[in-house]
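Chains X and B are the protein sequences, given in the same order.
Taking the numbering used here, I'd label the letters of the first sequence as residues 1 to 183.
Taking the numbering used here, I'd label the letters of the second sequence as residues 1 to 183.
Every residue gets a Cβ at the ideal spot worked out from N, C-alpha and C, and that includes glycine.
Single-structure report; data block below.
2 protein chains.
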Amino acid sequence: MTLTPLQQEFVLHFGEMGNRWGINRTVGQIYALLFISREALNADQITEALSISRSNTSMGLKELQSWKLVRLKHYQGDRRDYFTTPDDLWEIVRTLIAERKKREIDPTLTKLRELEMQGPAGDHYAEARMTELRELIELMTSFYDDMEKLETERLVKLMTLGSKFASLIDKAGAVMPSLKQRS
Amino acid sequence: MTLTPLQQEFVLHFGEMGNRWGINRTVGQIYALLFISREALNADQITEALSISRSNTSMGLKELQSWKLVRLKHYQGDRRDYFTTPDDLWEIVRTLIAERKKREIDPTLTKLRELEMQGPAGDHYAEARMTELRELIELMTSFYDDMEKLETERLVKLMTLGSKFASLIDKAGAVMPSLKQRS
DNA sequence: TATTATTTTCAGAAATTTCTGAAATATATG
DNA sequence: CATATATTTCAGAAATTTCTGAAAATAATA
């Protein structure tokens with residue numbers, strides 16, 4: 001497996017971006033490689049294409065599996081595991097967002113609830129700030145849940161509304177006053 | 001400056017989350033501390049509260065400034081810099097999203113356009129995948145731009161639509177067919 | 001200008017993460 | 001069962017990031 005210059009550059013870019021995305025270079029590169037490969041690849045092919053060690057490939061694939069970002073595939077008469085990304089890009093994005101939410105948002109929501117449970121600590125400002133933060137995370141989380149449920153077609157339609165977007169919101173009926181924006 | 005147990009725990013939590021958010025522990029802690037402090041703090045106060053070195057504080061504050069996440073404040077007869085977070089939590093979230101988009105999405109969009117510019121490389125599948133990815137990022141980016149423009153009040157209303165959400169999209173007029181979902 | 005106060009820079013130390021090679025484990029086949 | 005194939009684990013090496021202390025730079029005041 002040798003990469004074309006185009007593949008090479010794409011893969012290296014995702015390796016660099018890996019840092020910013022909270023995954024390491026190798027994991028980024030493996031995912032990029034799978035993403036642009038028509039056929040599923042086995043660990044040895046990945047290892048060779050990326051010039052990394054076999055064990056590094058193994059760990060990277062495990063990490064990608066924990067993110068639910070790769071699919072396993074098997075071929076008749078070949079007992080090696082072959083890996084691919086879902087064909088549907090929207091599915092990939094949904095998974096990515098769900099996993100990032102789980103890792104980056106949910107633990108904080110849990111922590112904030114936990115701290116509030118411990119009861120007032122006489123630290124009025126800090127407590128108010130934390131409550132405000134928790135409420136905002138809850139609001140955004142419930143919005144996420146609603147968007148998550150939408151079929152891709154509706155999601156695409158929503159995203160292409162453009163200037164109609166704001167007026168559409170205004171047309172919708174009133175909402176519960178308790179959830180209105182704080183001053 | 002000594003922290004209350006509540007503050008302590010909140011600050012430590014944000015330090016831990018820092019990793020997952022692509023900022024380091026210290027930066028996370030500094031931000032958390034400023035977030036729950038009623039008054040603006042100077043570098044020495046932060047240094048003492050977090051038990052870190054003065055230089056680390058300096059670098060952390062610089063990093064937070066590059067994220068546009070802190071405000072500078074000055075007091076009469078005191079030439080030290082005092083730092084705060086915006087009172088408006090929505091503003092903080094908007095800034096955070098804008099900066100993350102800039103760091104995590106925009107470079108890839110640029111790279112994809114650059115690779116497409118280089119013209120067809122005979123690598124049909126990879127090229128198609130990259131085009132698909134670019135188009136999806138562009139769609140999401142334009143949606144982001146629309147949401148970004150909304151006043152907070154409308155944003156909150158949108159987020160509280162709940163079950164009305166899906167039907168609202170359906171009620172909107174048809175969109176340009178060229179931007180419909182790909183099979 | 002000299003002095004003091006404040007902040008930044010930066011080389012290297014410390015800590016952490018990433019990666020490798022070798023060994024261990026697991027699984028299939030003759 | 002013995003052998004071959006495939007994958008995982010893991011200790012330590014390598015690379016990278018984070019943090020510190022000391023020095024330098026910046027800026028106000030006497």
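If distances are taken between C-alpha atoms only, which option among the options comes closest to residue i?
i      : options                          : result
X:S58  : X:R38, X:E39 and X:R80           : X:R80
B:G162 : X:F10, X:L139 and X:G77          : X:L139
B:Q65  : B:D170, B:E104, B:T131 and B:Y82 : B:Y82
B:L155 : X:L34, X:F165 and X:E114         : X:F165
X:R71  : X:A49, X:L41, X:I97 and X:T2     : X:L41
X:I36  : X:H13, X:M17, X:A43 and X:T85    : X:T85
B:E153 : B:A128, B:W90 and B:A43          : B:W90
X:Y125 : B:R103, B:R113 and B:Q7          : B:Q7
B:Y144 : B:L115, B:E99, B:E116 and B:G60  : B:E99
B:E9   : X:A121, X:T160 and X:D146        : X:A121
B:K157 : X:R134, X:I169, X:L133 and X:L3  : X:I169
B:I52  : B:A128, B:D87, B:L136 and B:M1   : B:M1
X:L150 : B:L33, B:L34, B:S167 and B:D87   : B:S167
X:G22  : X:L50, X:I97 and X:L3            : X:I97
B:K102 : B:L115, B:K171, B:K68 and B:T4   : B:K68
B:D146 : B:L115, B:R94, B:K111 and B:E132 : B:R94
X:G60  : X:D87, X:N24, X:Q76 and X:L3     : X:N24
Comparing the CB of residue i with every heavy atom of the ligand NAP, is any distance shorter than 7 angstroms?
i     : result
X:I30 : As far as ligands go, the structure on display features none, and thus does not contain the ligand NAP.
Determine the chain B residues that contact residue i at a beta-carbon separation under 9 angstroms, and present them in chain order.
i      : result
X:P107 : H13, E16, M17 and R20
X:D146 : M159, L161, G162, S163, F165 and A166
Residue i touches chain X at which residues, Cβ-Cβ below 8 angstroms?
i      : result
B:I97  : Chain X residues near B:I97: none, gap ~10 angstroms exceeds 8 angstroms.
B:G173 : K164
B:L136 : L89, W90 and V93
B:R103 : R20
Report buried or exposed for residue i, applying the criterion of at least 16 other Cβ atoms within 10 angstroms of its Cβ.
i      : result
B:K180 : Here the model assigns B:K180 a pLDDT of 47, short of 50, so the residue's position is not dependable and the matter cannot be decided.
X:Q47  : Checking the sequence, you will find Thr at residue 47 of chain X rather than Gln. Counting Cβ neighbours within 10 Å, X:T47 comes out buried, since at least 16 surround it.
X:A28  : Reading off the sequence shown, one finds Gly at residue 28 of chain X, where the question assumed Ala. Buried is the call here.
X:S183 : In this predicted model, X:S183 has a pLDDT of only 45, less than 50, meaning its place in the structure is not dependable; the value taken from the coordinates is given anyway. Exposed is the call here.
X:H74  : exposed
B:I92  : buried
X:Q118 : exposed
B:F14  : buried
X:R38  : exposed
B:R113 : exposed
B:T108 : buried
B:T160 : buried
X:D44  : exposed
X:K62  : exposed
B:R129 : buried
B:T26  : buried
X:K171 : exposed
X:G77  : exposed
X:G18  : buried
So residue i contacts chain B; which residues on that side make the cut at Cβ distance below 8 angstroms?
i      : result
X:A189 : An answer regarding residue 189 of chain X cannot be provided, because it is not within the stretch 1 to 183 covered by chain X.
X:F83  : Under the 8 angstroms cutoff, chain B gives no residues; its nearest Cβ is about 15 angstroms from X:F83.
Tell me the residue span of the beta strand (DSSP E) that contains residue i.
i     : result
B:R20 : Where B:R20 is concerned, there is no enclosing beta strand (DSSP E), although the alpha helix (DSSP H) it sits in stretches over P5 to R20.
X:D81 : D78 to T84
X:K73 : R71 to Y75
Taking the alpha helix (DSSP H) that residue i falls in, what are its first and last residues?
i      : result
B:D44  : A43 to L50
X:D145 : H124 to K149
X:M59  : R54 to S66
B:A222 : In the structure as shown, chain B starts at 1 and stops at 183, and residue 222 of chain B therefore has no counterpart that could be examined.
X:L161 : Segment: none, X:L161 is in no alpha helix (DSSP H) and carries neither H nor E.
B:T26  : R25 to F35
List the residues of chain X that residue i touches, going by C-beta distances under 9 angstroms, in chain order.
i      : result
B:Y31  : Going along chain X, no residue has its Cβ under 9 angstroms from B:Y31, so there is no contact; the nearest lies around 12 angstroms.
B:I169 : L150, R154, L155, K157, L158, L161 and L168
B:L139 : V156, M159 and T160
Report the neighbours of residue i on chain X: residues whose CB is nearer than 7 angstroms to its CB, in chain order.
i      : result
B:F143 : M159
B:F35  : R129
What residues of chain B sit near residue i, judged by a beta carbon separation below 7 angstroms?
i      : result
X:M117 : Simply none; closest approach about 12 angstroms.
X:R38  : Y125
X:K111 : H13
X:L133 : L89
X:E9   : L115
Report the start-end ranges of each beta strand (DSSP E) in the segment 94–122 of chain B that is 3 residues or longer and not cut off at the edges. none
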